[in-house]
Ligand SMILES: Nc1ncnc2c1ncn2[C@@H]1O[C@H](COP(=O)(O)OP(=O)(O)OP(=O)(O)O)[C@@H](O)[C@H]1O
Ligand SMILES: Nc1ncnc2c1ncn2[C@@H]1O[C@H](COP(=O)(O)OP(=O)(O)OP(=O)(O)O)[C@@H](O)[C@H]1O
Ligand SMILES: [Mg+2]
Ligand SMILES: [Mg+2]
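Residue numbers (my numbering), protein chains in the order written: chain P, -12 to 551; chain F, 2 to 343; chain V, 2 to 343; chain D, 7 to 309.
Structure below.
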């Protein structure tokens, strides 16, 4: 039966073409269309002019520095939580890790405002302590360092999630062997745990870095007062003065961001190259460290961090939702629930927005899980020379500010689709497509790093048992990378649940998302309503997480990230 | 270096059946203990408690005067100065072979020329000089095991724990490695505990042999002693290839039985009589001459000789060796030159 | 079922030295081939190519008329209907023991009563009925290996590949498992390929023994043949515990040498003469009587007997067995009853 | 197909406008999309680039943007009969766009502030050092027009902005950010559009709004029909409606100053004729935009 013969590739023939065409359709095509729109600019002298503007370069430098230091901060905070909550005998793990998911859910601009409020002249906390700076004193957060710090806070949970799955797959006996070799816990961490979880750390760092590159809310609030522009805020201000060059300009600026993302990817590949993380004879047992007298201080520190990152901004949000107008001091007298009443019972848009966002976030999360597993499999097991290019193509859309993605999607999808003759523009499907493109990188990263750690023998054993590609995917691979898959779903869900800038241009009547609804309320001066809606979103996420908790017993082990 | 004392050691993983149950054992300073026992009897668990990876559910472990583990707490593994070959090797996949082997040295602050010399030395002993820069994933099973061995022997530990360290090596390497252990033991004076399924290995290496079964310690003695004078059916069945015959007791007072004693009881057994267990090893079953008639029911070629299973007239089975080939069904005469009452 | 043919098989991992080099081998339908060879000689690699995990760099693999792998492509493992025990077990940590064992059945669409019966049966053969609901992480090393075994034997594969399947089992289980293999082989008629370091095991089980070294196939023959008539120094040194003596050739025409032949060449060797290699096995070295004088230089207790290393007057080393204890330095007389010219 | 409106009015206002129109024209259904001017423009331009703009009617912040659209031939010239009731400066002579209301930019201050400013010049005084904030023309259309307007006033000019910069004023973000900074007490004074502080004050926020003596700038939220509209008839009726007395009353109710002649002002505002609106020529302003942005950036060091 010579026709049975195939290359020794472990994947079905359609897989690579499928992944390539998915990426081509959703990631490459829109960006190519954007470049085409700006092509006249690119080839006229305008592009050069743009590159000669010092403002562009300083924005590029700001983007790089803020994202880099933001990544460092996120890796430090997220890494600390991941290590403490997966490997150490910290008490209250469940609650700590449960709460640690939530800072991502607080919209970046809200987070930034809360921090400004917390540390500025009007800070209730500082006022109570009597150390509030006088009105008009300079705000230390209005700086590159401030932006980086908030990136760190905002993206630490992403690092935590990406790293956690890798830590769970660490071989227990490898850690034991190092201990017995005489290595102190600190050395074990440095020599064994960190290097072995490098794929997870790098995945988390990359997500944090790229999230910083594309972030708009934080530099808009913290950077602009100090005239610190990053590429997204620069793009935004270019859009504000819309002219004939705008598409060309944003194409050029996007290309710069794309280059940064690709450079980041290169560094990442370099860091991982030539190493092997396959855990031989995966045991499934995980290790723990006894902290002894360090436990109490560490716990206190974790709770303090959590307070600053989550509880303080969340209270700022809650109090903003309870006062009738901005600047009114919250007291029993001034507090009212009218904003909630308005949001819940009078504004019909709220319900639509909840429904839309839940649909979008859920579909994106699970859709990208499927695609992420397939693409991750291709990228890690595949032998094609094109995998490097493919992962770059996947990376770029996430790094671009949402507004660029949405412009690109409008450009491609505003006209009816060829052949079919229908247009998805103006429907919810275009938002979904844009989410798929934007968040593929987020969904993919944890899965790829988990696949890297997997002992190939486990899959081989399944193949020899006669399991076809689909069988072993469902029976072996997915359950084995379940923690990473869970992380991928939760990350994408959280990010797309309060996503703003992608849907901002793509929504139309009836397809508002929560992010759009909050932004529009905020933008039109209804801060109380915007805050109330944000609080409701956070509560909704908490409820969803609790539902997940109830189902946890029926899910594969490790899927629910706050359970051990 | 000092005496290693296990005192009423217990370990229950919470599965209902304790994995280790009330094990008390003194291993003298610089002793070489072989731990034998069927698969799943708790050998690895004992080693893991000695190394400090598992906390005993009960009992204590002492190294000389120093309490390593008891109800009040445990000394962490990194402070015990022990070394171990893991049954699963536990190599670090992100390090090269040389880095794996050198890691315990690095931790001890040894570097430069001395580090390199020691690593090269250790790799030479396990015949892996040429593989220093490989990653564990690119090695064969036996090569991985040898890396684990080199890593274990590269420092000067007080206690060396070996969990089936030679299971994946061929006979030649095995003999070489045994030699290495013996040398290492003599040179360093470390206390060694050696888990193995290969009895010849255990007997050849150890100064003491301990036999476990189902979490309990059955007997500890020197190799010659335990081979010659096993206590109880379990140990008797486990050590050597012998079969256990149930014979009428009938006033036997010695434990060493001779052909006459056995013959008398073999031919005239009555049910209801008090009985005793007698261990008969195959090398004590001699074919030919005028013994009892038996039928060959199984012949296995072992290279050097044939291992036979024989059936006596009354259905009892015996094992024997033969230098020449036999055919199944052949009838032979057997004499049992020695038996040991368990 | 059909003949399995390896034709000029090569595998180079890109390390400079090919792991498998030009191996050609026919395994007859329903044959039971034992693959022996030192650690790292390429045994696992051969199995992995047969299973389809590695693509041969060169050569081809055929099962009867069916080409499994050649330059033009390979049949994927899932279409080969083979089963394998991995050296590293490759158990799925997320499944229970029963689910691990039953997975190949599930893939084949067997469910319900039949599934349960088969799984229970397989677990019974490896004595793990009580562990059906455990996870692999909570098992001992030998228990894991037994799960891998059960998973391998639960279906009816055409070819069974066993990579040191008994390395972590004690002697009793080992014997039982050997028995299981034999039965399975007889019942299913599957072609079996068995990698082991234990020669006795290999000889006892296999219908054919293949010896590899450094990626090359040295000899294939029946167990008795390969033991009695090994070809070349390498195989001779590998099979059995013998030593290889270099003796003057001096017109020897037979390969079976007797005491007289050996003695003559032992006492009057001149340098410069053409020489030959003669394999002398320890069981052929008899102590006592009026042989050559020798000194005991090493004594290892092996339980059943003592393994001695002897030094002849001219410094040549021999190995011998003794039922009684000897002391190092003792002088004995030896006769060599047989030798084999390699 | 439904009439599609792109607007930058706040949500509730947009809904109210559309509701009013549909009540008056029950046969026309309106879909509307609301976003900040830059975003809605980005969306529209991308649609135009893709050759399939969805919008029929635009109702967005400023005439300068409309002028740009007009010069690119994206707007339909329509002579509305209602134009007669409007000051000629408030609509395009060719009928490409019509102002619908006046949104002025004045000064707001936190009631805790030491000085009560009455004119623009007060913000450059030492009392206000480091306490002034304003929206950036780079982010806000209203802020751009405001800067261009003040720059055209002889007593102020770009020198005024230089003085502000020297006095530690910052220019960032949009009007909402200014409102928050002043209301929360982070800053004491801000340049901001009128309706925000007036509404917030009514809700109890500690802020005040003043119309400075020199006069205020205004954006006029013009309405226009896209030349690509497939619903031109309905679009024309929409334009007529917002310019009609009925439509203008709607804006009044929402708290805006109607552009139509002879209309009252909303509560909290001084009488219409006491508000001195500084003039601006959209075409000239458009031409000067790039240069003005550069000047502004030069002063404030933004880009
Ligand atoms: N993935 C790999 N990359 C490079 N070299 C490899 C790889 N796998 C095995 N080798 C090398 O190929 C040779 C043969 O390996 P193989 O695993 O087949 O040996 P083996 O005969 O099974 O040995 P053992 O008895 O120790 O298991 C070894 O020298 C090994 O180092
Ligand atoms: N983590 C665990 N949780 C629960 N039971 C365990 C765990 N580890 C081992 N056991 C059980 O404890 C018993 C003893 O295990 P141990 O690993 O000590 O056996 P062993 O003597 O080393 O066996 P082998 O020779 O097969 O390696 C076994 O029955 C095993 O199933
Ligand atoms: Mg064990
Ligand atoms: Mg092998």
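A virtual CB, placed ideally from N, CA and C, is assigned to each residue, including glycine. These figures come from a predicted structure and were not determined experimentally.
Judged by DSSP secondary structure, residue 115 of chain D falls outside any alpha helix (DSSP H) and instead within the beta strand (DSSP E) spanning 107 to 116. Between residue 222 of chain D and residue 111 of chain D a beta carbon distance of about 6 angstroms is seen, short of the 8 angstroms cut, so the two are scored as contacting.
The C-beta distance from residue 105 of chain V to residue 136 of chain V rounds to 19 angstroms, too long to meet the 8 angstroms contact threshold. One thing to note: residue 142 of chain F has its Cβ within 8 angstroms of the Cβ of residue 89 of chain V. The Cβ atoms of residue 231 of chain D and residue 62 of chain D lie closer than 8 angstroms to each other. The three-state reading of DSSP puts residue 274 of chain F in coil, since its state is none of H, G, I, E or B. Sixteen is the threshold: when 16 or more other Cβ atoms of the shown chains lie within 10 Å of the Cβ of residue 237 of chain D, as they do, the residue is buried.
In the DSSP assignment, no residue is bridged to residue 201 of chain D.
Neighbours of residue 164 of chain D across chain P, judged by C-beta separation under 8 angstroms, do not exist; the nearest C-beta is about 18 angstroms away. Distance from the Cα of residue 203 of chain P is smallest, within the candidate group P:84, P:321, P:308, P:99, for P:99. Taking 8 angstroms as the cut-off, the Cβ atoms of residue 198 of chain D and residue 114 of chain D count as close. Proximity of the beta carbon of residue 177 of chain P to ligand 1 is not indicated: no heavy atom of the ligand is located closer than 7 angstroms.
In the DSSP assignment, residue 157 of chain F falls outside any beta strand (DSSP E) and carries neither an H nor an E. Per DSSP, reduced to three states, the secondary structure at residue 176 of chain D is strand. Taken in chain order, the complete beta strand (DSSP E) segments of 3 or more residues contained in the segment 159 to 183 of chain P number zero; there are none. Along the segment 207 to 226 of chain D, the positions whose C-beta sits under 7 angstroms from a C-beta of chain P are 209, 210, 211, 212, 213, read in chain order. Classified as buried, residue 344 of chain P has 16 or more neighbouring CB atoms from the shown chains inside 10 Å of its CB. Runs of the beta strand (DSSP E) lying entirely within the segment 44 to 88 of chain V, each at least 3 residues long, are 59 to 64, 67 to 71, 83 to 86 in chain order. Distances taken from the Cβ of residue 14 of chain V to the heavy atoms of ligand 1 include one shorter than 7 angstroms.
Your pair residue 12 of chain V and residue 213 of chain V does not check out as a contact, with CB atoms roughly 12 angstroms apart and the cut at 8 angstroms.
By the rule that beta-carbons nearer than 8 angstroms mark a contact, residue 176 of chain D touches chain P. Taking residue 278 of chain D as the centre and dropping the five residues before and after it, the same chain places the C-beta of 271 closer than 6 angstroms to its C-beta, in chain order.
Residues of the same chain with a CB within less than 8 angstroms of the CB of residue 62 of chain V, apart from the 5 flanking positions on each side, are 5, 6, 7, 8, 10, 50, 51, 68, 69, 70, 71 in chain order. Per the coordinates, the alpha-carbon of residue 340 of chain P lies some 10 angstroms from the alpha-carbon of residue 520 of chain P. Around ligand 3, the residues whose beta-carbon falls short of 7 angstroms from at least one of its heavy atoms are F:44, F:45, F:88, F:164, F:165, F:196, V:141, V:142, V:143, given in chain order.
About 7 angstroms separates the beta carbons of residue 320 of chain F and residue 309 of chain F, which is inside the 8 angstroms limit, making them a contact pair. In this chain, the alpha helix (DSSP H) harbouring residue 115 of chain F covers 113 to 126. In the DSSP assignment, residue 332 of chain V is bridged to V:296. Between the alpha carbons of residue 515 of chain P and residue 313 of chain P lies a distance of about 8 angstroms. Distances taken from the Cβ of residue 138 of chain F to the heavy atoms of ligand 1 include one shorter than 7 angstroms.
Within 7 angstroms of the C-beta of residue 41 of chain V there is at least one heavy atom belonging to ligand 1.
For residue 339 of chain V, same chain residues with a beta-carbon under 6 angstroms away, outside a window of 5 residues either side, are 285 in chain order. Between ligand 1 and the CB of residue 133 of chain F, the shortest heavy atom gap is not smaller than 7 angstroms. When 8 angstroms is used as the limit between beta carbons, residue 282 of chain V is near these residues of chain F: 305, in chain order. If you compare the alpha carbons of P:201, P:523, P:510 with that of residue 338 of chain P, the shortest gap goes to P:523.
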